[in-house]
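Asks:
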Amino acid sequence: MVDKKIIQLDAIREQLKQARDIKELEQVDVVEAVAKTMDVIGDSVNDLNTHIVVLSEMIKLLSNGYSEQKAIIGELVERVDKLEYKVAKQTNW
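Going letter by letter, the sequence shown gives residues 23 to 115 in our numbering.
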């Protein structure tokens with residue numbers, strides 16, 4: 023389970039790097055902060071929730087006027103959905 027989370031978060035980190043490479047964002051500091059946050063991978067539900075919140079905020083930032091990044095945004099949304107599902111499974115919502 024932890025290995026799957028690490029693989030997913032690594033993939034998200036790569037997507038964020040690609041987004042930064044595709045277009046220089048005004049919020050580059052935010053992109054870097056998200057990448058740094060994702061370097062701290064925990065095993066608890068709280069850690070997963072933190073990742074979900076941070077990724078959700080990143081999706082909002084990327085959605086504001088950067089239409090050429092729609093594919094990346096779609097990938098992020100899908101990955102956040104998967105993380106939310108894992109959290110829901112762990113907490114038996």
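We treat Cβ as the ideally placed atom computed from N, Cα and C, and that holds for glycine.
Whole angstroms are fine: how far does the CA of Q30 sit from the CA of T113?
Replies: Here residue 113 corresponds to residue number 91 of the sequence shown, with the count starting at 1. Here residue 30 corresponds to residue number 8 of the sequence shown, with the count starting at 1. Their Cα atoms are separated by approximately 20 Å.
Asks: Within this structure, are the beta carbons of I74 and V99 separated by less than 8 Å?
Replies: Residue mapping note: residue 74 aligns to position 52 of the sequence shown, counting from 1. Residue mapping note: residue 99 aligns to position 77 of the sequence shown, counting from 1. Not a contact, by the Cβ cut-off of 8 Å.
Asks: Out of E79, R101, T72, which has the shortest C-alpha to C-alpha gap to E36?
Replies: Reading the sequence shown from its first residue, position 14 is the one you call residue 36. That would be R101, whose Cα lies nearest to the Cα of E36.
Asks: At the level of alpha carbons, what is the spacing between K26 and E97?
Replies: Position 4 of the sequence shown, counted from the first residue, corresponds to residue 26. Position 75 of the sequence shown, counted from the first residue, corresponds to residue 97. Whole-angstrom Cα-Cα distance: 16 Å.
Asks: Quick check on this structure: which residue in K104, V109, A110 has the alpha carbon closest to the alpha carbon of A33?
Replies: Walking along the sequence shown from the start, residue 33 turns up at place 11. Of K104, V109, A110, the residue nearest in Cα terms is K104.
Asks: Could you tell me the alpha carbon to alpha carbon distance between L38 and L77, rounded to whole angstroms?
Replies: For the purposes of this step, residue 38 is taken as residue 16 along the sequence shown, with counting starting at 1. For the purposes of this step, residue 77 is taken as residue 55 along the sequence shown, with counting starting at 1. Approximately 10 Å, taken between the alpha carbons.
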